[in-house]
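Enquirer: Dropping a structure here in structure tokens format, bear with me for questions.
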Amino acid sequence: MTIGLILLAIAGILLLFGVGQRVLDKLRLTDRQALLCIALIIAGGVLPDISVTPQFSFNIGGALIPLILCAYLWIKAGTAKERARCLAAALVTGAAVFALGRLMPDEPEEIVIDPGYMHGLAAGVIGYLFGRSRRGAFIAGVLGVMLSSVASAVYVWSQGVDQRLVLGGAGAYDVIVVTGLLAVLLSELIGELIERAVRGQRKPAFEFKDGEFVRKEQSK
Amino acid sequence: MKLRTLCAALLACACLLPGALAENDGDCLYTLLDAGGGELTMRAARMYVGDEYISGDDQLYRVVSVDDAAMTATAQLVGPASVDEAALAAFYALADEEAAQGDGRRLICMYSTHSDESYAPDDGTYSLWEGAGIYDVGNALKDELEARGIETIYSEESFLPHDADAYNRSRATAEELLKRAPDALLDIHRDAIPAEQYETTVDGEDISKVRLFVGRSNQNADANRAFAQRIKAVADEEYPGLIKDIYIGKGNYNQELYPQALLLEFGTDEIEKDKAIGATEYMADVLDQVLYGESARAESEADAAPAAKGIFWVIGIAVLGAAIYGLVSTGRLSGMWDKLKRGASELTGGLAGKKPDESGKK
């Protein structure tokens, strides 16, 4: 590996740990769980893709770990209503990502925002609108991009083309991971802005404790 | 979220799908003009203020205005296109380091993001979902490189459809190829502008020119650009007329993955495929000289500063983003500072920053 690549890898890992950990923290994961997830995404990303059929393979760090994380967050969701909202947000995000991919110009120089980031923005807004929830945004982003990739592959296969579908093939730098992280960051930013606008300089009514947001005890 | 709101959102998305299934045909054609209104070149995509263009005669232009109605852009002459010597030295330092760590293996990896690109005169159409002409050109380049003793891996994976997500799909293949630590990673394309723009004669043979494309929105842009300029310099000396020009445009084209990554346009959709194939012999020779030639090695100086410059930009933007986030979430600078200290403490396991107090308050 070259010096440039080592520097790039270090920068990428620092960014992923710095940003990624704060993001996962907002998903009500403990610090250890968050760090473990990031380590698994990075380590899994460099492992060879797992081939299920000649036409379909997936990467452990780029697809499997985010999917397991989604399943964990979905199961841990507070109510059946929130779980339903998460799935609905994922479906709508999937349709939006698919449509964005097809409607945006096909040359990168014609696109104002890179599709990889655009998907994250879409998932963040849709996830927040559907449930005002960070975990909803993450599930919407990760599952939405996966659904869109599968839909694109099915469309190509339906045209008789034998093309391989690789989910999360670029590992930690894959659009699935980037979209999930961006979606949570954006919903966090929207949430913070709205909450700040509503409560002004008053102290927040909730605090993060033992992996959960709990209402602060009122001082008498 | 009410059920009817959910239904409305799903319905809106469903309405978008038929339009989404209509593939982009990429028929937009912009002309780049100099300050006097003279035509410099064309591009089958929109041009943006800030794009740069190095003409065949090595003049550097910068786009200063774009007229979307007329589909033209005006560029100002900056001056002779000097090679960033520091970036070039850094590029060769990287290449030398690869060679020192390897077993003397010479390896180039290639793929084609736009898997449908074809040559209408020979393939019958400009876009084929199966048997696209671009793979004939890619395989011809592979054969020419291998004839020079360079191991070449050309992934013939397809990344259809030809839409905005094509580069996201090809990214996985680019990453897979990079695991082999190649000396260069090439994305093989063809352009979509009139054929006469690409027609040339080299050594008495009618062939197609080759355009080099650098994505400027990536942290490796300086190294990618130095690589492109070195290729043009060698080609201009050995095979004048082979390299059409260098376009430095918006986007990253997966070039952020590797300093030695480049996008090559072999001809255009209207040119005969044999002319594009004819260019591969000369291009292979140029790549051989640029990557493995003795003169190339002699210029190598260990100075990785330019390669690192882009990375510092990325880190700077991340720090700025974190600062904005901190300010928004705390509402004041002191609160942001406290949050930063707590974050540092969390990340370093308490070695740096401010530890949470005993009550567990975060």
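Chains A and B, in that order, are what the protein sequence lines are. Sequence positions in the first sequence follow numbering that gives the first Met the number 0 and run 0 to 219. Sequence positions in the second sequence follow numbering that gives the first Met the number 0 and run 0 to 361. In this text, a Cβ means the ideal position worked out from N, Cα and C, and glycines have one as well.
Please list the residues of the segment 219-240 of chain B that have a C-beta atom closer than 8 Å to any C-beta atom in chain A, keeping them in chain order.
Expert: So the close ones are Asn219, Ala222.
Enquirer: With 8 Å set as the bound, which would you pick, yes or no: does the beta-carbon of B/Asn251 sit closer than that to a beta-carbon of chain A?
Expert: Start at 1 with the first residue of the second sequence, and residue 251 of chain B comes out as number 252. Yes - at least one Cβ of chain A is within 8 Å of the one on B/Asn251.
Enquirer: From B/Val82 to B/Ala119, what does the alpha carbon distance come to, in whole angstroms?
Expert: For the purposes of this step, residue 82 of chain B is taken as residue 83 along the second sequence, with counting starting at 1. For the purposes of this step, residue 119 of chain B is taken as residue 120 along the second sequence, with counting starting at 1. Their backbone Cα atoms lie some 36 Å apart in a straight line.
Enquirer: Please confirm if B/Pro160 has its CB atom under 8 Å from at least one CB of chain A.
Expert: For this step, residue 160 of chain B is matched to residue 161 along the second sequence. Judged by the 8 Å Cβ criterion, B/Pro160 is in contact with chain A.
Enquirer: Taking contact to mean at least 3 C-beta pairs separated by less than 8 Å, is the segment 181-189 of chain A in contact with the segment 178-191 of chain B?
Expert: The segment 181-189 of chain A, when compared against the segment 178-191 of chain B, does not touch it at the 8 Å Cβ threshold.
Enquirer: For A/Leu72 versus A/Arg131, is the C-beta distance shorter than 8 Å?
Expert: Here the question's residue 72 of chain A lines up with position 73 in the first sequence. Here the question's residue 131 of chain A lines up with position 132 in the first sequence. Not in contact: A/Leu72 and A/Arg131 (Cβ atoms no closer than 8 Å).
Enquirer: Hey, does B/Arg170 have any beta-carbon neighbour from chain A nearer than 8 Å?
Expert: Numbered from 1 along the second sequence, position 171 holds the residue referred to as residue 170 of chain B. Yes - at least one Cβ of chain A is within 8 Å of the one on B/Arg170.
Enquirer: Just to confirm before moving on: does the CB-CB distance between B/Leu154 and B/Leu184 stay below 8 Å?
Expert: Residue mapping note: residue 154 of chain B aligns to position 155 of the second sequence, counting from 1. Residue mapping note: residue 184 of chain B aligns to position 185 of the second sequence, counting from 1. According to the sequence shown, residue 154 of chain B is Ser rather than Leu. No, they are not a contact pair.
Enquirer: Please classify B/Leu332 as buried or exposed, where buried requires at least 16 other C-beta atoms within 10 Å of its C-beta.
Expert: Numbered from 1 along the second sequence, position 333 holds the residue referred to as residue 332 of chain B. Counting Cβ neighbours within 10 Å, B/Leu332 comes out exposed, since fewer than 16 surround it.
Enquirer: Would you please verify whether the beta carbon of A/Ser132 is less than 8 Å from any beta carbon of chain B?
Expert: In the first sequence, residue 132 of chain A corresponds to position 133, counting from 1. No, because no Cβ of chain B sits closer than 8 Å to the Cβ of A/Ser132.
Enquirer: Taking only the alpha-carbon atoms, compute the straight-line gap between A/Asp161 and A/Leu66 and give it to the nearest angstrom.
Expert: Sequence index remark: in the first sequence, residue 161 of chain A carries index 162 (1-based). Sequence index remark: in the first sequence, residue 66 of chain A carries index 67 (1-based). When rounded, the distance between both Cα atoms is 26 Å.
Enquirer: As an exercise, report each continuous beta strand (DSSP E) stretch of at least 3 residues that is fully enclosed by the segment 114-162 of chain A, in chain order.
Expert: As far as the segment 114-162 of chain A is concerned, it has no whole beta strand (DSSP E) run of at least 3 residues.
Enquirer: Spell out whether any CB of chain A is found under 8 Å from the CB atom of B/Asp337.
Expert: Walking along the second sequence from the start, residue 337 of chain B turns up at place 338. So no, B/Asp337 is outside the interface.
Enquirer: For the beta strand (DSSP E) holding B/Lys212, just list the boundary residues, first then last.
Expert: Within the second sequence, residue 212 of chain B is the residue found at index 213, counting from 1. Looking at the sequence shown, residue 212 of chain B is not Lys but Phe. Element bounds for B/Phe212: 209-214.
Enquirer: Select from A/Asn58, A/Leu35, A/Pro53, A/Gly179 the residue whose C-alpha is nearest the C-alpha of A/Ile125.
Expert: Counting from one through the first sequence, the residue named residue 125 of chain A turns up at place 126. The residue with the shortest Cα to Cα distance from A/Ile125 is A/Gly179.
Enquirer: B/Arg42 and B/Leu31: beta carbons closer than 8 Å?
Expert: In the second sequence, residue 42 of chain B corresponds to position 43, counting from 1. In the second sequence, residue 31 of chain B corresponds to position 32, counting from 1. For B/Arg42 and B/Leu31, yes; Cβs fall inside 8 Å.
Enquirer: Does any residue of chain A bring its CB to less than 8 Å from the CB of B/Leu211?
Expert: Taking the second sequence and counting its residues from 1, the one referred to as residue 211 of chain B is at position 212. Not one chain A Cβ lies under 8 Å of B/Leu211.
Enquirer: Cutting at 6 Å between CB atoms, please list the residues of its own chain near B/Asn217, excluding the five before and the five after it.
Expert: Here residue 217 of chain B refers to the residue found at position 218 of the second sequence. Hits under 6 Å: Asn251, Gln254, Glu255.
Enquirer: List, in chain order, every chain B residue whose beta-carbon is nearer than 7 Å to that of A/Val174.
Expert: Counted from its first residue, the first sequence places residue 174 of chain A at position 175. The answer, in chain order, is Asn167.
Enquirer: Can you look up B/Leu59 in the DSSP assignment and give me helix, strand or coil?
Expert: Working through the second sequence from its first residue, we reach residue 59 of chain B at position 60. In this structure, B/Leu59 counts as strand in the three-state DSSP scheme.
Enquirer: 8 Å is my cut-off, CB to CB: does B/Ala163 come that close to chain A?
Expert: Taking the second sequence and counting its residues from 1, the one referred to as residue 163 of chain B is at position 164. Chain A, which has a Cβ nearer than 8 Å to the Cβ of B/Ala163, makes this yes.
Enquirer: When DSSP labels each residue in this structure, what does B/Ala304 get in the three-state scheme?
Expert: The residue you call residue 304 of chain B lines up with position 305 of the second sequence. Note that B/Ala304 has pLDDT 47, beneath the 50 cutoff, so the model's placement of it is unreliable and the number below is only indicative. Here B/Ala304 sits in helix by DSSP.
Enquirer: 8 Å is my cut-off, CB to CB: does B/Ser333 come that close to chain D?
Expert: No chain D appears in this structure, whose protein chains are A and B.
Enquirer: Return the residues of the segment 153-164 of chain A that lie within a Cβ-Cβ distance of less than 8 Å from chain B, sorted by chain order.
Expert: Taking 8 Å as the Cβ-Cβ cut-off against chain B, the residues of the segment 153-164 of chain A that qualify are Tyr154, Val155, Gln158, Gly159, Val160, Gln162, Arg163.
Enquirer: Assuming B/Ala222 and B/Pro258 form a contact by the criterion Cβ under 8 Å, report the distance between their Cβ atoms to the nearest whole angstrom.
Expert: Indexing the second sequence from 1 puts residue 222 of chain B at position 223. Indexing the second sequence from 1 puts residue 258 of chain B at position 259. About 4 Å separates the two Cβ atoms, so the contact holds.
Enquirer: Tell me, which residues are paired with B/Gln75 by DSSP?
Expert: Locating residue 75 of chain B in the second sequence gives position 76, where the first residue counts as 1. DSSP lists B/Arg61 as partners of B/Gln75.
Enquirer: Where does the unbroken beta strand (DSSP E) through B/Ser157 begin, and where does it stop?
Expert: In the second sequence, residue 157 of chain B corresponds to position 158, counting from 1. From DSSP, B/Ser157 is part of no beta strand (DSSP E); its letter is neither H nor E.
Enquirer: Would you list, in sequence order, the uninterrupted alpha helix (DSSP H) runs of no fewer than 4 residues that lie entirely inside the segment 200-277 of chain B?
Expert: Runs of the alpha helix (DSSP H) inside the segment 200-277 of chain B: 220-237.
Enquirer: Check the C-beta distance from B/Leu211 over to B/Leu263 and give it rounded, since I have them as a contact under 8 Å.
Expert: Your numbering for residue 211 of chain B matches position 212 in the second sequence. Your numbering for residue 263 of chain B matches position 264 in the second sequence. The pair is a contact, with the Cβ atoms about 6 Å apart (cut-off 8 Å).
Enquirer: With DSSP run on the structure shown, which of helix, strand or coil describes B/Ala180?
Expert: Residue numbering aside, residue 180 of chain B sits at position 181 when the second sequence is read from its first letter. In this structure, B/Ala180 counts as coil in the three-state DSSP scheme.
Enquirer: For B/Asp135 and B/Ile276, what's the separation of their Cα atoms in angstroms?
Expert: The residue you call residue 135 of chain B lines up with position 136 of the second sequence. The residue you call residue 276 of chain B lines up with position 277 of the second sequence. Rounded to the nearest angstrom, the two C-alpha atoms are 8 Å apart.
Enquirer: Would you tell me roughly how many angstroms separate the C-alpha atoms of B/Leu87 and B/Phe226, rounded to the nearest one?
Expert: Along the second sequence, one-based indexing puts residue 87 of chain B at 88. Along the second sequence, one-based indexing puts residue 226 of chain B at 227. B/Leu87 and B/Phe226: Cα-Cα distance of roughly 7 Å.
Enquirer: Let me know the secondary structure DSSP gives B/Ile53 once reduced to three states.
Expert: To locate residue 53 of chain B, count along the second sequence from 1; it is residue 54. Residue state, collapsed to three classes: strand.
Enquirer: As a quick exercise: from A/Ala196, A/Phe55, A/Gly123, pick the residue whose alpha carbon is nearest that of A/Leu142.
Expert: Mapped onto the first sequence, residue 142 of chain A falls at position 143. For the residues A/Ala196, A/Phe55, A/Gly123, the minimum Cα distance to A/Leu142 belongs to A/Gly123.
Enquirer: Counting pairs of Cβ atoms below 8 Å between the segment 140-151 of chain B and the segment 107-119 of chain B, do you hit three or more?
Expert: Segments in contact, yes.
Enquirer: Which residues in the same chain have their Cβ closer than 6 Å to the Cβ of B/Glu51, if we skip the five residues on either side of it in sequence?
Expert: As a position in the second sequence, residue 51 of chain B is number 52, starting the count at 1. Hits under 6 Å: Arg61, Ile247.
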